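Under our numbering, residues 6 to 153 are what the sequence shown spells out, in order. Heads up: the structure comes next, in structure tokens.
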Amino acid sequence: MQEEEIINYTELADGRIIEIFKQATIELPDAERLFSHVLNAQHIWAQRISGMKPLYGVWDVHPKEHFESLSADNFKLIRAVLKESALDKIISYSNSRGDQYENRIDEILFHLFNHSTYHRGQVVTLLKKEGFTPPVTDYIMLKRDHLL
6 MQEEEIINYT
16 ELADGRIIEI
26 FKQATIELPD
36 AERLFSHVLN
46 AQHIWAQRIS
56 GMKPLYGVWD
66 VHPKEHFESL
76 SADNFKLIRA
86 VLKESALDKI
96 ISYSNSRGDQ
106 YENRIDEILF
116 HLFNHSTYHR
126 GQVVTLLKKE
136 GFTPPVTDYI
146 MLKRDHLL
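This is how it looks when you write it as structure tokens:
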């Protein structure tokens, strides 16, 4: 699987969750907090790879009305990073506690996309509890439907 495929998948799956938030007429604070975390983590990792300081903290909560633009900004930056850097490039960064680490870009991206998938599943569980029908976000189903 190419990097662009997993980026496209994650962007599409996230977008389907964002659509539920856009349609929601009730408050969903737990789901909004968790999906904010997904967006923040994507932002933070893309910024780390770029050598820039993140604008958001890991658990900052964003209004659901901002989810779409935050996601678009994240994926624009992730794609720019991939154009500028080799996947085996080692990135030095510090975590939210200030601890220093080094990882290759491909390792960071694997974590970023896996993290997004993990928490999307949790968000879907919260949305189901509130009566929403979860969107299809399974990779293979999106692939079969020629959406990827």
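Quick reminder that beta carbons are idealized off the backbone N, C-alpha and C, glycines included. In this text, all values refer to a predicted model and were calculated from it rather than measured experimentally.
Same chain, Cβ closer than 7 Å to residue i, five either side skipped, listed in chain order
| i | result |
| --- | --- |
| PHE72 | ILE23, PHE26, PHE40 and LEU44 |
| SER55 | LEU82 and VAL86 |
| PRO139 | VAL129, LEU132 and LYS133 |
| HIS67 | SER41, LEU44 and LEU75 |
| ILE145 | none |
Alpha-carbon to alpha-carbon, residue j and residue i
| i | j | result |
| --- | --- | --- |
| ARG21 | VAL141 | 8 Å |
| TRP50 | PRO34 | 24 Å |
| ASN119 | ILE96 | 19 Å |
| GLN105 | ALA91 | 21 Å |
| ASP93 | PHE80 | 20 Å |
| THR30 | GLU135 | 11 Å |
| ILE12 | ALA36 | 22 Å |
| SER121 | GLU9 | 16 Å |
| LEU153 | LEU147 | 6 Å |
| ARG38 | ASP65 | 8 Å |
| GLN28 | TYR98 | 37 Å |
| HIS116 | TYR123 | 10 Å |
| ARG84 | GLU32 | 32 Å |
| ASP19 | ALA77 | 10 Å |
| GLU17 | GLY103 | The displayed chain sequence assigns Leu, not Glu, to residue 17. Roughly 32 Å separates the two Cα atoms. |
| ARG149 | ASP143 | 10 Å |
Residues near residue i by beta carbon distance below 8 Å, same chain, minus five either side
| i | result |
| --- | --- |
| LEU60 | HIS48 and GLN52 |
| LYS58 | GLN52 |
| ARG109 | LEU92, ASP93, LYS94, ILE95 and ILE96 |
The alpha helix (DSSP H) enclosing residue i, as first and last residue numbers
| i | result |
| --- | --- |
| ILE22 | 8 to 28 |
| VAL129 | 110 to 134 |
| SER90 | Segment: none, SER90 is in no alpha helix (DSSP H) and carries neither H nor E. |
Residues of its chain near residue i, where Cβ-Cβ distance is below 6 Å and the 5 sequence neighbours each way are ignored
| i | result |
| --- | --- |
| SER101 | VAL63 |
| THR15 | PHE118 and SER121 |
Collapsed DSSP secondary structure at residue i in the structure displayed
| i | result |
| --- | --- |
| ARG102 | coil |
| ILE96 | strand |
| GLU107 | strand |
| VAL43 | helix |
| VAL86 | helix |
| HIS67 | coil |
| TYR144 | helix |
| PHE137 | coil |
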